[in-house]
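Numbering of the sequence shown is given in full-length UniProt numbering, commencing with residue 1 and proceeding in unit increments.
Note that beta-carbon positions come from the ideal geometry of N, C-alpha and C, so glycine has one too.
All figures in this text were calculated on a predicted structure; none of them were measured in a lab.
Data first, discussion second: the structure below is written as structure tokens.
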Amino acid sequence: MGSAFVVRYETTPEAADENQKLVEAVFAQLAEQRPGGLSYASFRLDDGVSFLHVGYVDGDDNPLNASTAFQEFQREFRSRAPGGPVFSGGALVGSFGFGTPA
1 MGSAFVVRYE
11 TTPEAADENQ
21 KLVEAVFAQL
31 AEQRPGGLSY
41 ASFRLDDGVS
51 FLHVGYVDGD
61 DNPLNASTAF
71 QEFQREFRSR
81 APGGPVFSGG
91 ALVGSFGFGT
101 PA
């Protein structure tokens, strides 16, 4: 059984581009390593400083935890997003081209 997650946060204006580069590095590593059991998307919202990450993990282990690029993304997260993230778990109700329905 899998689980969904949604994370939203706002960076400082000065850190938004750096944050995007770190997110892009995570996706580059995921594309290279192609871990199973993960559907994941990230969005930079129209205000230019807010980010939204949506994911679905099929099973108990989140492949992001093994990603060195994700660890680097997390390393100084609070300096880029002083307000911290708003995290919500959930259950996938339905999807089109994303994850596996519960």
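Asked, Found
"Supposed close pair A4, G89 - CB separation, criterion 8 Å", "7 Å"
"Assigned secondary structure, F96 (DSSP; H/G/I helix, E/B strand, else coil)", "coil"
"Simplified DSSP state of Q31, which is helix, strand or coil", "The amino acid at residue 31 is misidentified as Gln; the sequence shows Ala. In this structure, A31 counts as helix in the three-state DSSP scheme."
"4-residue-minimum alpha helix (DSSP H) runs that sit fully inside the region 46 to 93, ordered along the chain", "68 to 75 and 77 to 80"
"Whole-angstrom distance between A16 and residue 110, CA atom to CA atom", "Outside the modelled stretch of the chain, which goes from 1 to 102, sits residue 110, for which no answer is possible."
"Beta strand (DSSP E) segment containing V15, residue limits", "The question names Val, but residue 15 is Ala in the sequence shown. Where A15 is concerned, there is no enclosing beta strand (DSSP E), given that its DSSP letter is neither H nor E."
"For G2, the first and last residue of its enclosing beta strand (DSSP E)", "G2 to E10"
"L22 vs L38 beta-carbon contact at 9 Å", "no"
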